[in-house]
Amino acid sequence: MPSFARHALEAAVVLGALVGLVAYVTLLERKFAARLQSRIGPYYVGWPHGWLQPIADGLKLMLKEDVVPARADRGVYNLAPIVFLVPCLLIFATIPFAPGLGVADLAIGVLFFLAVSSLEIVGLFMGGWGSNNKYALLSVMRAVNQIISYDLPFIFVALVPVLLAGSLQMSAIVGAQAGLWFVAYPVLGQLAFLAFVVATLAAENRVPFDILEAESELVAGFRVEYSGMKLALIQLGEYAHMLGTSFLGALLFLGGWLGPGPAWLGPVWFLAKALAIFLLVTWVRWSFVRIRVDQILAISWKLMLPASVLLLLATALWVAAGGAGAA
Amino acid sequence: MTGETVAFWVVAAALLASSLAVVLTPNLFHAVLYLAAALVATGLVFLLLDAPFLFGVQLLLYAGGVVTIVVFAIMLTERLVGERITQASRHVFNGGVVAAAVFVAVAGFLLQGPATPPRPPLAGDTTVAIGRALVGPFAVTLELLGLLLVAALLGALYLARTEE
Numbered sequence: 001m002p003s004f005a006r007h008a009l010e011a012a013v014v015l016g017a018l019v020g021l022v023a024y025v026t027l028l029e030r031k032f033a034a035r036l037q038s039r040i041g042p043y044y045v046g047w048p049h050g051w052l053q054p055i056a057d058g059l060k061l062m063l064k065e066d067v068v069p070a071r072a073d074r075g076v077y078n079l080a081p082i083v084f085l086v087p088c089l090l091i092f093a094t095i096p097f098a099p100g101l102g103v104a105d106l107a108i109g110v111l112f113f114l115a116v117s118s119l120e121i122v123g124l125f126m127g128g129w130g131s132n133n134k135y136a137l138l139s140v141m142r143a144v145n146q147i148i149s150y151d152l153p154f155i156f157v158a159l160v161p162v163l164l165a166g167s168l169q170m171s172a173i174v175g176a177q178a179g180l181w182f183v184a185y186p187v188l189g190q191l192a193f194l195a196f197v198v199a200t201l202a203a204e205n206r207v208p209f210d211i212l213e214a215e216s217e218l219v220a221g222f223r224v225e226y227s228g229m230k231l232a233l234i235q236l237g238e239y240a241h242m243l244g245t246s247f248l249g250a251l252l253f254l255g256g257w258l259g260p261g262p263a264w265l266g267p268v269w270f271l272a273k274a275l276a277i278f279l280l281v282t283w284v285r286w287s288f289v290r291i292r293v294d295q296i297l298a299i300s301w302k303l304m305l306p307a308s309v310l311l312l313l314a315t316a317l318w319v320a321a322g323g324a325g326a327a
Numbered sequence: 328m329t330g331e332t333v334a335f336w337v338v339a340a341a342l343l344a345s346s347l348a349v350v351l352t353p354n355l356f357h358a359v360l361y362l363a364a365a366l367v368a369t370g371l372v373f374l375l376l377d378a379p380f381l382f383g384v385q386l387l388l389y390a391g392g393v394v395t396i397v398v399f400a401i402m403l404t405e406r407l408v409g410e411r412i413t414q415a416s417r418h419v420f421n422g423g424v425v426a427a428a429v430f431v432a433v434a435g436f437l438l439q440g441p442a443t444p445p446r447p448p449l450a451g452d453t454t455v456a457i458g459r460a461l462v463g464p465f466a467v468t469l470e471l472l473g474l475l476l477v478a479a480l481l482g483a484l485y486l487a488r489t490e491e
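Residue numbers (our numbering), protein chains in the order written: chain X, 1 to 327; chain B, 328 to 491.
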């Protein structure tokens, strides 16, 4: 089956590129955060500016001793990093990096992304429960709380561009932005993008929404008992999810691979936009303080949820009135 | 055998095994994890039947949503009660009888039909068709379902409030 082999090859290439990109995104975040704090960040490993730091980190984590807590639920504990990682990598299956360049441009693209990334929580609570550790369990309870609260606004906001484009397919959503990026649509676009960034912060558990790994009270949250390669897998999953959501944001609001210049520049534009969103999220992370659990829940249920529903309703009315002319 | 057939049998075996594990494992938390696996396998069956929209919804609502809420409930109650809640499937025999009866009924029904009817070709984008059906001929049904859910929510709120 040549088509099967071709798909497998494509998937392997995307996966390899993805893991490399994720490794270097950690370096990007560290350098960026360091600059925000008037530091330099990693420098000597791979002089100058620490180009080899991610590889050194990966090797270090691989060589470390794998400690399993004596009272852990071994099966669940060992399986958790894999269950956590797989959905985080699977979300890239449906992201096209340019017209026709990607693993699968599914007709249900956005829905597939949302559905698969919602599975990540299973790995999270497997890790927290399986560790048999008070801090890990507290962290997972907070995580479940938060993810239940922010999944809905995230989904509603992601549906705004879907409504505007009239399709769940990623390439069709980008195609509908050929005239004007969705973020540039008056009022609706900007509000939706703002809500998307806030919901992204919460969905990825970044500061100011990182109560589940609050290092001053919960040590490191659900992964406190993980070490070595398992910790590496969990971190890979977290960064892959962050990167995937940035790509989704670039697709939904910033016109994906659209940009000036020849067509082969498309993937470059796309990557630049996704990294811009990633840096925006990182910027917020390193600038704000952590907020309390009740504040997070209040923001979600009293502000984000009604606002995103109203936004979706307004978009629907606008589209019904024939507003989305290009689509 | 085509790749699709192989995939079906693999998914079917996983679905059966995880469903059995849900009712047979004594550890309540493990039961929920098996439930999650069973729900994902059900979604894969939808995918094999060319219903990608149902696959997405199945993952989003059941594997992502319902399982999360069940886990939350277990975590809260286990820590509140302070002891491990074990799952004691007391009615395994009765359940087995009911399951066997259902299996015989379904199998009998299937055996009466024509042997492996040809699969009708897909007509366009099924997602669009589902969307149009939900706001077209089934609009009233959809609204009634929404009403039912609101009623259930209000009922849950009422039950939770009586404790104060």
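Even glycine gets a Cβ: it sits at the ideal position worked out from N, Cα and C.
For Q169/X and T453/B, the gap between their C-alpha atoms comes out near 13 Å. When the beta-carbon positions are compared, L371/B and V338/B come within less than 9 Å of each other.
Assignment of beta-bridge partners to A98/X by DSSP yields L101/X. For G58/X, the enclosing alpha helix (DSSP H) covers residues Q53 to L63.
For A363/B, the chain X residues whose C-beta falls within less than 7 Å of its own C-beta are V122, listed in chain order. If the five residues before and after L231/X are omitted, its C-beta is found closer than 7 Å to the C-beta atoms of L61 and R223, all from its own chain and listed in chain order. Note on R6/X: under 16 other CB atoms within 10 angstroms of its CB, so exposed under the neighbour-count rule. Within the stretch 96-108 of chain X, the residues whose Cβ lies closer than 9 Å to any Cβ of chain B are, in chain order, L106, A107 and I108.
Within the stretch 173-201 of chain X, no residue has its Cβ closer than 7 Å to any Cβ of chain B.
Taken through DSSP and simplified to helix, strand or coil, F253/X comes out as coil. Legend: CB atoms of the stretch 295-325 of chain X lying less than 7 Å from CB atoms of chain B are not found in any residue. When CB distances to chain B are screened at a threshold of 7 Å, the residues of the stretch 155-173 of chain X falling below it are L168, in chain order. Just so you know, the alpha carbons of G244/X and G255/X end up roughly 16 Å apart. Under the 9 Å criterion on CB atoms, F380/B is classed as interfacial with respect to chain X.
Proximity to A33/X across S308/X, I299/X and L279/X peaks at L279/X, based on C-alpha coordinates. Per DSSP, W181/X lies in no alpha helix (DSSP H) and is assigned neither H nor E. Pairing F84/X with I296/X gives a Cβ-Cβ distance that is not under 9 Å. Using a 10 angstroms sphere on the CB of V289/X, the tally of other CB atoms stays under 16, which defines it as exposed.
Of A434/B, F399/B and A365/B, the smallest CA-CA separation from I121/X is found for F399/B.
The beta carbon of Y389/B sits closer than 6 Å to the beta carbons of L366 from its chain, once the five residues preceding and following it are set aside; these are given in chain order.
Beyond the five residues adjoining it in sequence on each side, T468/B comes within less than 8 Å, by CB distance, of no other residue in the same chain. With a cutoff of 9 Å on beta-carbon distance, F253/X and F193/X are scored as near each other. Between L106/X and F112/X, the C-beta gap is smaller than 9 Å, which places the two residues in contact. For V367/B, the nearest beta carbon of chain X is closer than 9 Å to its own beta carbon. The Cβ of S38/X sits no closer than 9 Å to any Cβ of chain B. Think of a sphere of 9 Å around the beta carbon of I82/X: no beta carbon from chain B falls inside it, the nearest being about 13 Å out. Considered as a whole, the stretch 260-285 of chain X harbours no complete run of any alpha helix (DSSP H) with no fewer than 4 residues. DSSP, reduced to helix, strand and coil, places A172/X within a helical segment of the structure shown. From the listed residues E225/X, G16/X, L303/X and A165/X, the smallest Cα separation to V319/X is found for A165/X. Counting only the Cα atoms, V103/X lies some 19 Å from G330/B. At least one C-beta of chain X is nearer than 9 Å to the C-beta of Q385/B.
When secondary structure is reduced to three states using DSSP, Y77/X falls in the helix class. Think of a sphere of 9 Å around the beta carbon of F373/B: no beta carbon from chain X falls inside it, the nearest being about 11 Å out. Contact with chain X is absent for A456/B, since none of that chain's Cβ atoms lies less than 9 Å from the residue's Cβ. Three or more beta-carbon pairs separated by less than 8 Å are not found between the stretch 175-188 of chain X and the stretch 428-444 of chain B, which leaves the two stretches without contact.
Look at F288/X here: in three-state DSSP terms it is coil, with no helix or strand label.
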